[in-house]
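>
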Amino acid sequence: MSVRDVRARAVRVRRASVRGVEEAALDWVWAHRDRFALGDDALAADGQVNRTWKPLGELTQVCASVSRSTPPGDPLHTRVSELLDFAWQQTHRGELFPLMQSLEPFATYPLEVYAAFASAGLRHPGYEASAAVVARTRGWRLTEQYPTRRLGVLEAERRSGLPPHGRVPQALDRTWLGGLPEPWTFERAAGYALTHVVFHLTDWGRAARGVPADLADYLLHWLPPWLDTCLDARMWDLSCELLAVAASLPRPLEPAVLDDAWQRVAAAQDTSGAVPEEGAAQDAAGADPGPDPYAFTDCYHSTLMAAFAASLTTARPRDVREGPRPAGRPAGQGAQG
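All residue numbers for the sequence shown refer to the UniProt record's numbering, where the first residue is 1 and numbers rise by one.
(1) Just how far apart, CA to CA, sit R264 and S239?
(2) Whole angstroms are fine: how far does the CA of D292 sit from the CA of R251?
(3) Can you tell me whether H124 is buried or exposed? The criterion is at least 16 other CB atoms within 10 Å of its CB, across all chains shown.
(4) Can you tell me where the alpha helix (DSSP H) with Y300 in it begins and where it stops?
(5) Tell me which same chain residues have a C-beta within less than 7 angstroms of the C-beta of L249, skipping the five on either side of it?
(6) Determine the direct distance from the alpha carbon of A171 to that of D214, and round the result to whole angstroms.
(7) Confirm, please, whether the CB-CB distance from R206 to R68 is below 8 angstroms.
(8) Between the region 78-90 and the region 27-34, are three or more C-beta pairs nearer than 8 angstroms?
(9) Which of helix, strand or coil does DSSP assign to E157?
(10) In terms of residues, what are the limits of the alpha helix (DSSP H) holding S67?
(11) Kindly confirm or deny that the region 142-155 and the region 88-102 touch, where touching means at least three C-beta pairs closer than 8 angstroms.
(12) Quick check on the burial criterion: 16 or more other C-beta atoms within 10 angstroms. Buried or exposed for S272?
(13) Using three-state DSSP, classify P224 as helix, strand or coil.
(14) Whose C-beta lies closer than 6 angstroms to the C-beta of V153 among residues of the same chain, with five residues either side of it excluded?
(15) For the alpha helix (DSSP H) containing S239, name the first residue and the last one.
(16) How close, in whole Å, do the beta carbons of T303 and A274 come, if the pair is a contact with beta carbons under 8 angstroms?
(17) What's the C-alpha gap between W236 and V62?
(18) If you draw a straight line from the alpha carbon of E23 to that of L253, how long is it in whole angstroms?
(19) Restricting to Cα atoms, I'd like to know which of D260, H196 and W140 is closest to F106.
(20) If you draw a straight line from the C-alpha of L38 to the C-alpha of T202, how long is it?
(21) Got a sec? Which residues, its chain only, sit under 7 angstroms from A285 by beta carbon, not counting five neighbours each side?
(22) Once the 5 residues before and after R174 are set aside, which same chain residues still bring their CB inside 7 angstroms of it?
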């Protein structure tokens, strides 16, 4: 057997293992889909967005990404398509977005959630027309936001068919990752910020060329030790996001790094398919934890991220070389793949 054959077999084995994580995670999501449903408090003035719209938007974005990464005949494609339809029905097929805008005209989260649906082809022309009016105001352009959030809003505008109110390169330069910081300054908040910068630049893993060459080189060098640190700390949610970043770069990480990381994530995954945000997995020798070993809020996001990262990892041919990448970040060049 040639070296090339050995490497090809290793890739097949890895994909089979990662595919198992993805299938189990989506099984858990499907079984708990009602927990993502919008309640009566979704439009309440004192409603908690992080417990209503945020989980639904995250479900939608992950399912949209998995749908793009799997062929129509794949059972997982059917599963996420059904979940997307479920999520869209929760918004009354988009009718809730104009209502949200009327209640909070300058809140950006409705557009960010809507953009996830729009990326899956689920659109509401009336909302897009009204959002375009608000987006032309000075009040919208001058809303104070963290740099990573600003980048996300620009991408949400683009994906929703609105003219972005700023330029991606300038927004990128103000983020933690965009400044190519000292690697030892990496910590939890910086980790989540950098993963979302890459997600926004690549349209959630769809366009690896959206990552400028200097950032790609920086991440290829420092992502392995950061990932190892998070895995050692049993920060499964952030580890899965970093694995999604790895699968979104123009060039892959070393196979040994990926194999080790996915083995550890698979070991942390519960038999139900749930992946805890952090900490030790349930002790199999202990008392029976029942069908739900973790509270929904303690595992739904990490389980979604496991499915997202696994889908990107299995979909991308690791032995395909990409052409030349952009040398830098020329002014005015966005992240559209």
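Where is the CB? At the ideal position from N, CA and C, for every residue including glycine.
Let's see:
(1) Numbered from 1 along the sequence shown, position 264 holds the residue referred to as residue 264. Numbered from 1 along the sequence shown, position 239 holds the residue referred to as residue 239. A straight-line Cα-Cα distance of about 10 angstroms links R264 and S239.
(2) Here residue 251 refers to the residue found at position 251 of the sequence shown. Here residue 292 refers to the residue found at position 292 of the sequence shown. Using only the alpha carbons, I get a separation of about 38 angstroms.
(3) Here residue 124 is taken as the residue at index 124 of the sequence shown, counted from 1. Classification of H124: buried, given that the 10 Å Cβ count is 16 or more.
(4) Within the sequence shown, residue 300 is the residue found at index 300, counting from 1. Per DSSP, Y300 belongs to the alpha helix (DSSP H) from Y300 to A315.
(5) Along the sequence shown, one-based indexing puts residue 249 at 249. When the five nearest sequence neighbours on each side are left out, the beta carbons in the same chain lying within less than 7 angstroms of the beta carbon of L249 are those of A208, V211, A216, L219 and L220, in order along the chain.
(6) The residue labelled residue 214 in the question sits at position 214 within the sequence shown. The residue labelled residue 171 in the question sits at position 171 within the sequence shown. Separation of D214 and A171 (C-alpha to C-alpha, rounded to the nearest whole angstrom) is 16 angstroms.
(7) Translated into positions along the sequence shown, residue 68 becomes position 68. Translated into positions along the sequence shown, residue 206 becomes position 206. Yes, the pair counts as a contact, with Cβ atoms nearer than the cut-off.
(8) Counting Cβ pairs under 8 angstroms, three or more are found: they touch.
(9) Here residue 157 refers to the residue found at position 157 of the sequence shown. DSSP places E157 in helix when its eight states are reduced to three.
(10) Looking up residue 67 in the sequence shown gives position 67. For S67, the enclosing alpha helix (DSSP H) covers residues W53 to S69.
(11) Taking a contact to require three or more Cβ pairs closer than 8 angstroms, the region 142-155 and the region 88-102 do not qualify as touching.
(12) Numbered from 1 along the sequence shown, position 272 holds the residue referred to as residue 272. Classification for S272: buried.
(13) Residue mapping note: residue 224 aligns to position 224 of the sequence shown, counting from 1. Reduced to three states, the DSSP call for P224 is helix.
(14) Start at 1 with the first residue of the sequence shown, and residue 153 comes out as number 153. Within the same chain, V153 has close Cβ partners T108.
(15) Position 239 of the sequence shown, counted from the first residue, corresponds to residue 239. Note, S239: alpha helix (DSSP H), W236 to A246.
(16) Position 303 of the sequence shown, counted from the first residue, corresponds to residue 303. Position 274 of the sequence shown, counted from the first residue, corresponds to residue 274. The C-beta distance from T303 to A274 rounds to 5 angstroms, short enough to fall under 8 angstroms.
(17) Here the question's residue 236 lines up with position 236 in the sequence shown. Here the question's residue 62 lines up with position 62 in the sequence shown. Cα to Cα, W236 sits roughly 17 angstroms from V62.
(18) Your numbering for residue 23 matches position 23 in the sequence shown. Your numbering for residue 253 matches position 253 in the sequence shown. Going by the C-alpha atoms only, they are around 23 angstroms apart.
(19) Taking the first residue of the sequence shown as position 1, residue 106 is located at position 106. Minimum Cα distance to F106 is reached at W140.
(20) Taking the first residue of the sequence shown as position 1, residue 38 is located at position 38. Taking the first residue of the sequence shown as position 1, residue 202 is located at position 202. The C-alpha of L38 lies about 29 angstroms from the C-alpha of T202.
(21) On the sequence shown, residue 285 is found 285 positions in, with the first residue counted as 1. Interpretation of A285 is limited by its pLDDT of 40, a score under 50 that renders its predicted location unreliable; the figure taken from the coordinates is listed afterwards. Nothing meets the Cβ criterion.
(22) Counted from its first residue, the sequence shown places residue 174 at position 174. Short of 7 angstroms from the beta carbon of R174, and not among the five residues preceding or following it, lie these beta carbons of its own chain, in chain order: P147.
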